[in-house]
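In the numbering used here, each residue carries its 1-based index in the sequence shown increased by 326. Using N, Cα and C, we set each Cβ at its ideal position, and we do this for glycine too.
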Amino acid sequence: MHYFIRLIFFLVFVLTIPSCTKDLATQETVYENDFDKGSLNAIVNGRIDTYNGSKVLGRYEESGFNLVLSDLPKHDMIRVSFDLYIHDSWNGNAPAPFGPDIWIMDMDNANYIYTTFANTNQTDTAGVRQSFPKTYLPFAGNLPYTNAIDKTLDGVCSLQGVSGGTAVYRIEKSIYHTQNSFTLGCYGQLEHADASDKKCDASWSVDNLRVKTVVYKN
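Rendered as structure tokens:
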């Protein structure tokens, strides 16, 4: 009896090996930049600033940047990851003229993130909402700092010295992709009302930008 039980377990193990190995994948980093060396390689409309003792890509407000890669190795997917810093007075889903404060990420000219963020130093946040991590909808949202990996950093300008004036979000996206070129675009659509200095009112930056190709093993 014990022999037959062991035989059954062995056959189950052998038969499931192909289905497991089919899902295995290899990854290759094709772009990586922490901007500490000031490199803007492959970046269009790049600029370097210093925040919290580290170099970052930015700061941007209503503008943004493109990362353009070519001659990629053969692959089945693309994975993009980076840290997104939301600086100063973002009003999330607030109606005009104070909002909404929208942040956008495109890959190969197709939109993958269209959302809002809210930074606030107010103790009462009942009327303040952001869409992230979901897509922007005017009358629905989450509390400020939802899914932030750090919401204790100081602001840069309009909220300089204020804890929570900058929030950090980890952005990670994977898409099916087989072309030998790839473009990442990140942009802001911010409402500044009557702010005399738009960049001081609200801005954003990026750090630890990484792009990987993924190949599935058959």
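Residue i vs residue j beta-carbon contact at 8 Å
i: arginine 496; j: threonine 355; result: no
i: threonine 446; j: proline 459; result: no
i: tyrosine 411; j: serine 531; result: yes
i: arginine 373; j: glycine 384; result: yes
i: valine 482; j: tyrosine 357; result: no
i: isoleucine 404; j: threonine 509; result: no
Chain-order list of residues whose beta-carbon lies under 8 Å from that of residue i (same chain, five-residue window excluded)
i: isoleucine 365; result: Note on identity: in this sequence residue 365 is serine, with isoleucine being the wrong assignment. Excluding residues within five positions, the ones whose Cβ falls inside 8 Å are Asn359.
Beta-carbon proximity list for residue i, same chain, < 7 Å, skipping 5 on both sides
i: tryptophan 416; result: Asp427, Phe443, Ala444, Asn445, Ala528
i: alanine 474; result: Ala493, Val494, Tyr495
Residue i versus the options, residue with shortest Cα-Cα distance
i: glutamate 388; options: Gln456, Asp523, Asp533, Ala436; result: Asp523
i: aspartate 434; options: Leu350, Lys499, Lys543, Ala521; result: Lys499
i: isoleucine 369; options: Gly511, Val406, Ala521; result: Gly511
Same chain, Cβ closer than 6 Å to residue i, neighbours up to 5 away in sequence not counted
i: valine 541; result: Thr352, His401, Asp402
i: histidine 518; result: Lys524, Asp527
i: lysine 381; result: Phe361, Asp362, Ile374
Burial state of residue i, where buried means 16 or more other Cβ atoms lie within 10 Å
i: alanine 466; result: exposed
i: asparagine 506; result: exposed
i: proline 344; result: The predicted model places proline 344 with a pLDDT of 47, which falls under 50 and marks its position as unreliable, so this point remains unresolved.
i: proline 423; result: exposed
i: glutamine 486; result: exposed
Exercise for the section: Ignoring anything shorter than 3 residues or poking outside the stretch 348 to 420, list the beta strand (DSSP E) runs there in chain order. Expected result: Those beta strand (DSSP E) runs which fall completely within the stretch 348 to 420 and span 3+ residues are 351 to 359, 374 to 377, 380 to 386, 390 to 395, 403 to 414.
Notebook entry, point to check: Mind pulling the beta strand (DSSP E) runs of 3 or more residues that sit fully within the stretch 459 to 532?
Noted result: Listed in chain order, the beta strand (DSSP E) elements of length 3 or more contained wholly in the stretch 459 to 532 are 476 to 480, 489 to 502, 508 to 515.
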